[in-house]
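Student:
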Amino acid sequence: MALWDKVRQGIDKAGKAAQDVFDEGKLRLEAYRAREQADKAAEALGYAIFRAIEAGGELDADARARLLEAVKERDAEARRLEDALAEAKARMDDRPEAPPPPPSGAPDAPAPAPATPPPATSAAEPPPSAPI
1487 MALWDKVRQG IDKAGKAAQD VFDEGKLRLE AYRAREQADK AAEALGYAIF RAIEAGGELD
1547 ADARARLLEA VKERDAEARR LEDALAEAKA RMDDRPEAPP PPPSGAPDAP APAPATPPPA
1607 TSAAEPPPSA PI
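When the letters of the sequence shown are read in order and numbered with the working numbering, they come out as residues 1487 to 1618.
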């Protein structure tokens, strides 16, 4: 029965690793989208300021406050997700991998097969696979 427990543990570990990778990918996508939204909000603010200056005036206070708040909110969300992604990556990097292989002189390590030289053939004899 111990063999089945080990198999089950291996399957559980593989499932957990796959779920972690899936969660990291999902988080990476959310962070990317949040950063895109923050960039678009900053772009909208920049264009609004540009258009106001082109028209010879300034951006009105309400529009400026609204656009600045949108940039702040979206940037904060993007940073939060980027931090969460960095933490998730750090957790995955800190996970122990498979145990290191035993040293070569360890008694559990199988002995390497001795190398045997190929049988000597005389120059007069063709190799066994060559047609006569």
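Ideal Cβ placement from N, Cα and C applies to all residues, glycine included. All of these numbers come straight from a predicted model, not from anything done at the bench.
1) On the three-pair Cβ rule with 8 angstroms, is the stretch 1566-1573 touching the stretch 1524-1533?
2) What is the DSSP secondary structure of LEU1513, counted as helix, strand or coil?
3) Grab me the residues of ASP1506's own chain with a C-beta within less than 7 angstroms of its C-beta, minus the 5 sequence neighbours each way, in chain order.
4) Is the distance from the Cβ of ALA1574 to the Cβ of LEU1515 below 8 angstroms?
5) What are the boundary residues of the alpha helix (DSSP H) that includes LEU1571?
6) Flag this pair as yes or no: are the beta carbons of LEU1553 and ALA1534 separated by less than 8 angstroms?
7) I'd like the list of long-range same chain contacts for ALA1556, defined as Cβ closer than 6 angstroms, with 5 residues on each side in sequence excluded.
8) For ALA1520, name the three-state secondary structure that DSSP assigns.
9) Are ARG1494 and ALA1520 close, meaning C-beta to C-beta below 8 angstroms?
10) Quick one: grab the DSSP three-state call for GLY1532.
Tutor: The short version:
1) Judged by Cβ distances under 8 angstroms, the stretch 1566-1573 makes no contact with the stretch 1524-1533, as fewer than three pairs qualify.
2) Secondary structure at LEU1513: helix, using DSSP grouped into helix, strand and coil.
3) Only residues of its own chain outside the window of five on either side were considered, and among them MET1578 have a CB closer than 7 angstroms to the CB of ASP1506, listed in chain order.
4) In this structure, the beta-carbon distance from ALA1574 to LEU1515 does not fall below 8 angstroms.
5) Counting along the chain, the alpha helix (DSSP H) containing LEU1571 begins and ends at 1547-1580.
6) In this structure, ALA1534 lies closer than 8 angstroms to LEU1553 by Cβ.
7) The beta carbon of ALA1556 sits closer than 6 angstroms to the beta carbons of ALA1527 from its chain, once the five residues preceding and following it are set aside; these are given in chain order.
8) Three-state DSSP puts ALA1520 in a helix.
9) No, these two residues do not count as a Cβ contact at 8 angstroms.
10) It is helical.
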